[in-house]
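Engineer: Have a look at the structure that comes next, please.
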Amino acid sequence: MHAIIKTGGKQYRVAPGDTIRVEKLPFDTGSALEFPNVLAVFKDGEFLSESQLGDAKVIATVTANDRSKKVLVFKFKRKKQYKRTIGHRQSFTELKVNDIVV
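Reading the sequence shown from the start, the letters are residues 491 to 592 in the numbering used here.
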């Protein structure tokens with residue numbers, strides 16, 4: 491069984507037992523979350539429509555709050571003696587999907 495959920499302005503395809511990284515959420519490690527915004531569910535090879543979803547939700551547990559590896563941005567303009575290096579680390583929340591309830 492798979493489900494498509496929406497969080498942080500992005501959509502994720504999840505299944506029970508999956509671990510996903512989403513945008514930073516304000517929850518502590520070990521907290522249980524429910525995602526009521528389920529867009530679609532694939533069960534036994536069939537697609538469940540919105541009318542069949544009803545109160546479908548995905549239950550997950552927060553496993554980590556961390557920051558990803560640093561991404562370096564290097565700006566350069568030739569013949570102008572312009573160089574600039576900027577680093578960025580994006581925060582994320584790692585979730586373990588426990589169950590999909592339809």
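Virtual Cβ for every residue (Gly too), placed ideally from N, Cα, C.
With 16 as the cutoff for other CB atoms within 10 Å, does Lys567 come out buried or exposed?
Structural biologist: Flag for Lys567 reads exposed.
Engineer: For Tyr572, does the count of other Cβ atoms within 10 angstroms reach 16, so buried, or fall short, so exposed?
Structural biologist: It is exposed - the Cβ of Tyr572 has fewer than 16 other Cβ atoms within 10 Å.
Engineer: In the DSSP output, which residue or residues are listed as bridge partners for Asp589?
Structural biologist: For Asp589, the pairing in a beta bridge is given by DSSP as Ile549.
Engineer: To the nearest angstrom, report how far apart Phe525 and Glu536 are at their CA atoms.
Structural biologist: 21 Å
Engineer: Suppose you measure from the CA of Ala554 to the CA of Thr583; what does that come to, to the nearest Å?
Structural biologist: Thr583 has its alpha-carbon roughly 6 Å from the corresponding atom of Ala554.
Engineer: Pick helix, strand or coil for Leu523, following the three-state DSSP scheme.
Structural biologist: The answer is strand: DSSP assigns Leu523 an E or B state.
Engineer: Below 9 Å between beta carbons: does that hold for Val512 and Lys547?
Structural biologist: no
Engineer: Put Gln580 into one of helix, strand or coil per three-state DSSP.
Structural biologist: coil
Engineer: Would you report the Cα separation of Val552 and Thr497, rounded to the nearest angstrom?
Structural biologist: 14 Å
Engineer: For Leu515, I'd like the list of residues in its chain whose CB is within less than 6 Å of its CB, leaving aside the five on either flank, ordered along the chain.
Structural biologist: Thr583
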